[in-house]
Amino acid sequence: MQPTRSSLIAALLLAAVFSAVHLRLAYPPLPKPLVVRHWGTPHMLLSDSVVYGFVRELLAQSDTVENHPDNADSTRITISHLLVEHQVIPLFPIYPKNTPDSDINYLYGRLPAGLLQQMYKKKLLSIIDTIHMKQQVKYSKGFGLEQRFVSDGYNVISADSMRRLYDKYSFSINEYFDKKYGTATYTQLSCPIFSVDKRIVIVSVNPACAGGCGDGATYVLERRRNKWYKLFVIEE
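Going by my numbering, the sequence shown opens with residue 1024, and the numbers climb by one from there.
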């Protein structure tokens, strides 16, 4: 009886294997769907109301008079009424059409080297502030000026449009701006970087035109009595 039982078990196992192979061939598994991963729109650590609320306040107390010294007033910063979404690097390629896309970068938030340490030593910031500000720079990619975010009387050009205009006009772009917007210069703002209590802000303001038209600066501002006062300025 034992050989018969062993033979029966072997036959059953063999039948099970053949059945599994048959089912596999007759009903192959459905192909796995191709998963397309989309990166989400980058978000800043702070809300739009905080970031762009500051931008509107800064524009409200700025001066559009070109080449007017900023140091005469501790609350005024010269900003053109023509703004750019965010800074394109390289800023002034001599031959824009020959600049490959892989060489184009965008500057969002920035902090001059050693600035936070300097402010900490002067007791303007706490350790928590410095960590908070570094994180904001890291996640500042979502920053970009849009027409709906700025005050009336200001015009915003997207970074892509700026590239196309440079491709078309090159160094004669000043004439185009002057004719269309009434100014030959434009201003780029970096993403504002806030202390934890939002009382201190660091922002770079870069006035520019096809030929350069002045140096930019990083401003350390403090909010007092509903206005932003310059604590100090780092020329660039």
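Beta carbons: idealized from backbone N, C-alpha and C, even for Gly.
Proximity below 8 Å, CB of residue i to CB of residue j
i: Leu1244; j: Ile1257; result: no
i: Leu1168; j: Leu1106; result: yes
i: Thr1098; j: Lys1250; result: yes
i: Glu1108; j: Ile1180; result: yes
i: Gly1176; j: His1104; result: yes
i: Ile1100; j: Val1228; result: yes
i: Met1067; j: Ser1193; result: no
i: Val1073; j: Lys1221; result: yes
Residues of its chain near residue i, where Cβ-Cβ distance is below 7 Å and the 5 sequence neighbours each way are ignored
i: Asp1071; result: none
i: Phe1077; result: Pro1215, Val1224
i: Thr1153; result: Leu1139, Tyr1143
i: Gly1137; result: none
i: Thr1206; result: Ser1103, His1104, Leu1105, Phe1200
i: Gln1084; result: Thr1098, Arg1099, Lys1250, Trp1251
Supposed contact pair residue j and residue i - C-beta distance, whole angstroms, cut 8 Å
i: Leu1130; j: Gln1110; result: 4 Å
i: Gly1132; j: Ser1213; result: 6 Å
Identified DSSP bridge partners for residue i
i: Val1226; result: Tyr1242
i: Asn1178; result: Leu1105
i: Phe1217; result: Val1224
i: Ile1257; result: Thr1241
i: Tyr1252; result: Glu1245
i: Leu1130; result: Gln1110
i: Ala1043; result: None, per the DSSP bridge assignment.
Sequence-distant residues of the same chain with beta carbon closer than 6 Å to residue i, five excluded per side
i: Thr1241; result: Pro1135, Ser1227, Ile1257
CB contact check: residue i to chain D, cutoff 8 Å
i: Tyr1143; result: Chain labels in this structure do not include chain D; a single protein chain is all it has.
Close-in-space but distant-in-sequence residues of the same chain around residue i (CB under 8 Å, 5 per side omitted)
i: Met1156; result: Leu1134, Leu1139, Leu1148, Ile1216, Phe1217, Ser1218, Ile1225
i: Arg1079; result: Phe1172, Val1173, Ser1174
i: Thr1064; result: Annotation note: pLDDT 46 at Thr1064 (below 50); position unreliable, no value reported.
i: Met1024; result: With a pLDDT of 48 at Met1024, under the threshold of 50, the predicted position of this residue should be treated as unreliable, though the coordinate-derived value follows. The answer is none, since no qualifying residue turns up.
Next on the checklist: What ranges does the alpha helix (DSSP H) occupy inside the stretch 1164-1213, keeping only unbroken runs of at least 4 residues that lie completely in it?
Outcome noted: 1182-1192, 1196-1204
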